Amino acid sequence: MAYGGWFVRAAIAAALAASLAGCSMNNAGGGKVEGEPVASAVPTDAAAVKDGAAEPVDEQPGTVYYEILVRSFYDSNGDGIGDLNGVTAKLDYLQQLGVGGIWLMPINPSPSYHGYDVTDYRAVNPDYGTIDDLRQLTDEAHKRGIKVIMDLVVNHTSTEHPWFKEALADPDSKYRSWYHFAGADEDAKADGAVGSNPWHVTADGKSKYLGVFWEGMPDLDFDNADVRHELVSIGQYWLEQGLDGFRLDAAKHIYGDYASTINSPEIQGANQKWWQEFRRGMPGVKPDAYLVGEVWDSPVVIAPYLDKALDSAFDFDLAGKLISSADRERDSDLAFTLGKAYGLYEKSSGGTYVDAPFLSNHDQTRVMTALNGNLAHARMAAAMLLTLPGNPFIFYGEEIGMAGAKPDEYLREPMVWYANPAGGEGQTNWEPSKYNADGSAVSVESEQQNDQSLLAWYRMLLKWRSEEPALRDGGIIAYSLKNAVPQVSAYVRATADERVLVLHNLSGQPQKAELAEEFGSFAKLSRKSDNAAELSGGVVTLPPYSSVILK
5 MAYGGWFVRA
15 AIAAALAASL
25 AGCSMNNAGG
35 GKVEGEPVAS
45 AVPTDAAAVK
55 DGAAEPVDEQ
65 PGTVYYEILV
75 RSFYDSNGDG
85 IGDLNGVTAK
95 LDYLQQLGVG
105 GIWLMPINPS
115 PSYHGYDVTD
125 YRAVNPDYGT
135 IDDLRQLTDE
145 AHKRGIKVIM
155 DLVVNHTSTE
165 HPWFKEALAD
175 PDSKYRSWYH
185 FAGADEDAKA
195 DGAVGSNPWH
205 VTADGKSKYL
215 GVFWEGMPDL
225 DFDNADVRHE
235 LVSIGQYWLE
245 QGLDGFRLDA
255 AKHIYGDYAS
265 TINSPEIQGA
275 NQKWWQEFRR
285 GMPGVKPDAY
295 LVGEVWDSPV
305 VIAPYLDKAL
315 DSAFDFDLAG
325 KLISSADRER
335 DSDLAFTLGK
345 AYGLYEKSSG
355 GTYVDAPFLS
365 NHDQTRVMTA
375 LNGNLAHARM
385 AAAMLLTLPG
395 NPFIFYGEEI
405 GMAGAKPDEY
415 LREPMVWYAN
425 PAGGEGQTNW
435 EPSKYNADGS
445 AVSVESEQQN
455 DQSLLAWYRM
465 LLKWRSEEPA
475 LRDGGIIAYS
485 LKNAVPQVSA
495 YVRATADERV
505 LVLHNLSGQP
515 QKAELAEEFG
525 SFAKLSRKSD
535 NAAELSGGVV
545 TLPPYSSVIL
555 K
């Protein structure tokens, strides 16, 4: 959670800025003002130091999550399809990588490979195993300190769901009102929120139903209290099976699936109200259930969802910025961008939000493809991601440099475990791979033994994050070098007790970064990705494509 309850009063901030000059925050006890908590010594941005403005310390205790398409991950029974026991078998790999949570893409029964059209909300896809297999997975994950959340798809069901089949067969069924139906010739809004006419005529030609994303995914009607009650009950059921929370699909599409209304205050308010209702249903089963929503929009739209509803929403804007920054080899002033968003989130959530940054997911071009196969750029994108606040999410295979582009199947190709293209035990083959067919260097097997591999890089960054509290749990503060270096990204990560300076050389040339003193001196190179990095006389020498952490 983000805690913003500590504020720097103007006069105190000015005094602290002076007293901290030339001393590390690790010695903050000497700078504490009588009667004020130590946390007040940490402003949230450079302006707070210069101007003495009252700003909060924005801590975000975080966990790194790993997104898994179970079908593509690891096969425990030899049928070529990944399964829950396969995920359990690879928990040690995930623990060694350094993640603290996993997100399972849909595991409910479904007629589709991806699972986003559910036919039974209280069962496990038989391709993946059983409820007992899921319980074993969560038990074993928890023994390793790894949380498990799963996709919960509530906006729509499959047309093969018994609810919808009964609604089609019997207009008098109670399930008819669980969906949106209209007469085949009845006027209905046709400006679908995702770009097409969302109404689909039934096979008998007498009526039509609303399915914004696809005709195989009919939308549920959340104006029906029975629908809302059932979906809250479903959430409770899965928490009772041992899950730690949910990734909530299409979270802004519960109401108002029309381009003309999706961003109206009324519709946004209705969506927020539903997720607040869902949230209220979870604490009785698991008080700390984690809810992260897919709200593919700007921070202004995201913020209301963090008010007594979601803990996090994925930061889609940031993902594009990180990829672009790595590709252009230019700093994009991440702390300034995030600071503006966090101000909105802080106000809306009362300090209980946590950010969810990522580079790519199952709907987007994979990082290595987006960066045209440039390994150095992929390293720097990962370095920025894993030194930012919140709960970073890694899409399976990103840590070894898997490639992929649309259509969606090719974003979700089988995880590459073996250097030999023929694969080996546990290798999934449910679909032929287009982008990752050759094995060779891009595989877990080949990268495990290479300390210069992308996998080793990810492990290093995750180790830094686990061992540096300010990287794991801190907020972010804008930091300006004394000499402007466009190729260097610089920001401070701060908790109430500690702060560290993060520097990334995004370029292929060595860079010299002259440190400013507005936050006091950072006198120690605590972590460095390249042993050639040096700190001397307040100047950091950064080798090409390198990252350092200073204290």
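Take the sequence shown: its letters are residues 5 to 555, numbered as in my numbering.
In this text, a Cβ means the ideal position worked out from N, Cα and C, and glycines have one as well.
Just so we're clear, the structure is a prediction, and the values are computed from it rather than from any experiment.
Residue environment, residue i, which counts as buried when at least 16 other CB atoms sit within 10 Å
i      : result
VAL544 : buried
GLU518 : exposed
LYS165 : Here residue 165 turns out to be His, not Lys, going by the sequence shown. Buried: at least 16 other Cβ atoms inside 10 Å.
ASN509 : buried
GLU429 : exposed
ASP227 : exposed
GLN515 : buried
ASN129 : buried
HIS257 : buried
PRO490 : exposed
GLU333 : buried
ASN395 : buried
GLY273 : exposed
TYR483 : buried
Through-space distance from residue j to residue i, alpha-carbon basis
i      : j      : result
TYR132 : LYS351 : 41 angstroms
GLY95  : ALA520 : For the record, residue 95 in the displayed sequence is Leu; it is not Gly. Approximately 43 angstroms, taken between the alpha carbons.
VAL157 : LEU235 : 10 angstroms
SER336 : VAL371 : 18 angstroms
VAL103 : TYR70  : 7 angstroms
PRO291 : VAL446 : 41 angstroms
GLY209 : PHE168 : 16 angstroms
VAL506 : ALA386 : 14 angstroms
GLY354 : SER162 : 37 angstroms
PRO361 : PHE397 : 6 angstroms
LEU554 : GLU471 : 14 angstroms
GLU63  : ARG503 : 11 angstroms
ARG497 : ILE404 : 27 angstroms
MET5   : PRO65  : Model confidence at MET5 stands at a pLDDT of 43, short of 50, so the residue's coordinates are unreliable; what they give is reported in the following sentence. Their Cα atoms are separated by approximately 6 angstroms.
VAL552 : SER181 : 58 angstroms
LEU224 : LEU363 : 31 angstroms
ALA188 : ASN201 : 14 angstroms
LEU338 : ALA229 : 42 angstroms
HIS204 : SER511 : 51 angstroms
GLN245 : ALA93  : 19 angstroms
ALA536 : ILE106 : 35 angstroms
Reference residue i, options the options, closest by Cα
i      : options                        : result
ALA145 : ASP321, ALA345, LEU247         : LEU247
ALA460 : SER328, GLY355, LEU379, HIS204 : LEU379
ASN275 : ASN159, GLY428, SER540, GLU449 : ASN159
TYR346 : VAL305, SER525, PRO473, GLU403 : VAL305
SER437 : GLN431, TYR414, ARG232         : TYR414
ALA426 : VAL68, GLY66, PRO115, GLY84    : GLY84
ASP191 : LEU172, TYR183, LYS178, SER211 : SER211
GLU402 : ASN365, TRP203, GLY90          : ASN365
THR432 : GLY66, VAL68, GLY90            : GLY90
ALA560 : ARG334, GLY239, THR499, VAL552 : Lying outside 5 to 555, the shown extent of the chain, residue 560 is not represented and no answer is given.
VAL74  : PRO115, THR67, GLY119, PRO308  : GLY119
THR499 : ARG148, PRO473, GLN513         : PRO473
The alpha helix (DSSP H) enclosing residue i, as first and last residue numbers
i      : result
LYS212 : It is not in any alpha helix (DSSP H) - LYS212 instead sits in the beta strand (DSSP E) that spans 211-214.
LEU379 : 379-389
GLU71  : First-last for GLU71: 69-72, but that is the beta strand (DSSP E), not the alpha helix (DSSP H).
LEU348 : 338-353
TYR241 : 229-244
Where the beta strand (DSSP E) containing residue i begins and where it ends
i      : result
ARG155 : What sits at residue 155 in the sequence shown is Asp, not Arg. That run of the beta strand (DSSP E) goes 151-156.
ARG531 : 529-532
TYR515 : Correcting the residue identity first, residue 515 is Gln in this sequence and not Tyr. Segment 515-518, the beta strand (DSSP E) holding GLN515.
HIS204 : 203-205
GLY297 : 294-297
GLY324 : No beta strand (DSSP E) contains GLY324, which is instead part of the alpha helix (DSSP H) from 320-332.
THR545 : 543-546
Residue-level contact to chain C via CB, residue i, 8 angstroms cutoff
i      : result
PRO291 : Of the protein chains in the structure, only one exists, and it is not chain C.
On the three-pair Cβ rule with 8 angstroms, is the region 312-321 touching the region 275-283?
yes
Would the region 192-203 and the region 97-115 be scored as touching if the rule is three or more Cβ pairs under 8 angstroms?
no
Stretch pair the region 407-420 + the region 464-478: three plus CB contacts closer than 8 angstroms
no
Contact between the region 104-112 and the region 211-224 (3+ Cβ pairs under 8 angstroms):
no
Just checking, does the region 443-454 make contact with the region 469-488 on the three C-beta pairs under 8 angstroms criterion?
no
Would you say the region 73-91 touches the region 416-428, given that touching needs at least three Cβ pairs under 8 angstroms?
yes
For the 8 angstroms Cβ check, are there 3 or more pairs between the region 315-331 and the region 287-298?
yes
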